[in-house]
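Numbering (this note's numbering), first residue to last: 72 to 292.
Don't be surprised by glycine CBs; every beta carbon is placed ideally from N, CA and C.
This one's a predicted model, so the numbers in the text were calculated from it and none came from an experiment.
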Amino acid sequence: MNTEPEEKESRLETIVAILIAVVTVIGAVVAWRASVAADGAGDADFAGLKASLNAEETRALNFVNAYEHYGAYINYSRYLRLGNAVADDLSNGVAQTEAEAFWLDRQRAESFDLANANQELFPNRFLGRDGSYGVQRELGEAWADASKEKDLDPNPHYAEADKLREKTNLLLSTLTLLGVGLVFFTLVEAVGERGRYPLIGLALLFSIGGTVAAIVIEFTR
């Protein structure tokens with residue numbers, strides 16, 4: 072009666088079939104997690120690109136506004152100095168006749184009016200004590216205000232994308248180990264009884280190694 076060897080072989084086949092199914096399921100889960108990581112990397116790249124576009128748009132608009140204000144400040148400063156110079160001429164008695172005095176007084180008034188008109192075209196809070204205009208300070212404040220409303224820093228997104236891509240590649244490498252384990256499991260029935268157990272040992276080694284590596288990568292990356 073050869074029932075015992077047959078039962079032993081049947082149990083071995085059943086165990087190998089179960090192990091193949093388990094490793095296949097583990098491989099599917101690892102592939103799914105790799106796909107999720109790859110999708111996350113794509114989303115992070117998109118967020119980084121959007122932040123880059125936001126940053127360039129904000130930088131361009133801020134430069135246009137700041138230097139438009141600076142141009143108005145230049146006109147204000149020029150007309151203010153001109154008005155002060157004419158006023159000094161009047162006070163120093165440069166005008167020889169009443170007509171010259173009237174003309175100079177009119178020029179003084181017009182200069183001050185133009186200075187006042189241009190003063191309304193730029194924010195006075197960026198005027199320095201020495202009369203200079205803080206263009207860089209306006210640019211910095213405008214950037215800070217814009218950063219409160221939208222994302223202007225792409226670097227964290229690109230770093231996250233690189234991290235997720237690395238995770239994807241590592242998870243895919245564990246699939247190679249699991250695949251080798253599956254190959255050894257499928258070869259068990261093709262070899263003699265003497266070679267089965269070494270193949271099973273190798274299959275378990277690769278399968279367990281791939282599973283452990285996938286778990287470590289999933290929870291540490």
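Distance, Glu84 Cα to Met72 Cα: Bear in mind that the predicted position of Met72 carries a pLDDT of just 47, short of 50, making it unreliable; the figure below should be weighed with that in mind. Roughly 20 Å between the two C-alpha positions.
Closest to Phe117 by C-alpha separation, out of Val254, Glu289, Glu231, would be which residue? Phe117 has its Cα closest to that of Glu231, out of Val254, Glu289, Glu231.
Rounded to the nearest angstrom, what separates Glu128 and Gly205 at their Cα positions? If you draw a straight line from the Cα of Glu128 to the Cα of Gly205, it comes to about 22 Å.
Can you tell me the Cα-Cα spacing of Gly154 and Phe134, whole angstroms? Whole-angstrom Cα-Cα distance: 30 Å.
State buried or exposed for Ala112, treating a residue as buried only when at least 16 other CB atoms are found within 10 Å of its CB. Around the beta carbon of Ala112, 16 or more other beta carbons lie within 10 angstroms, which makes this residue buried.
Roughly how many angstroms lie between the CA atoms of Leu246 and Leu235, to the nearest whole one? Straight-line Cα distance between these residues: approximately 17 Å.
Can you give the Cα-Cα distance for Val100 and Val254, rounded to whole angstroms? Val100 and Val254 have their alpha carbons spaced roughly 18 Å apart.
Under 8 Å between the Cβ atoms of Gly281 and Leu248? For Gly281 and Leu248, yes; Cβs fall inside 8 Å.
Classify Leu198 as helix, strand or coil using the three-state DSSP reduction. DSSP places Leu198 in strand when its eight states are reduced to three.
Hey, Ala285 and Leu242: beta-carbon distance below 8 Å or not? Yes, Cβ-Cβ distance for Ala285 and Leu242 is below 8 Å.
Residue burial classification, Glu191 (beta-carbon count within 10 angstroms, cutoff 16): Exposed, since its Cβ has fewer than 16 Cβ neighbours within 10 Å.
According to DSSP, residues forming a beta bridge with Tyr144: DSSP output for Tyr144 lists no bridge partner at all.
Return the bridge partner residues of Tyr204 from the DSSP annotation. Beta-bridge pairing by DSSP links Tyr204 to Leu198.
Is Leu185 near Leu175, with beta carbons less than 8 Å apart? No, the Cβ-Cβ distance between Leu185 and Leu175 is not below 8 Å.
Quick one: Cα of Tyr141 to Cα of Tyr150, how far? Cα-Cα distance, rounded: 14 Å.
CA-CA distance, Val87 and Leu275? Those two C-alpha atoms are separated by around 10 Å.
Please report how far the alpha carbon of Glu139 lies from the alpha carbon of Ala170, in whole angstroms. In a straight line, the C-alpha of Glu139 is about 38 Å away from that of Ala170.
So, with DSSP's three-state summary, where would you put Asn189? Assignment of Asn189 by DSSP, reduced to helix, strand and coil, places it in the helix class.
With DSSP run on the structure shown, which of helix, strand or coil describes Met72? Caution applies to Met72, whose pLDDT of 47 falls short of 50 and renders its modelled position unreliable; the model cannot decide the point.
Roughly how many angstroms lie between the CA atoms of Leu273 and Lys121, to the nearest whole one? Taking the Cα positions, Leu273 is about 48 Å away from Lys121.
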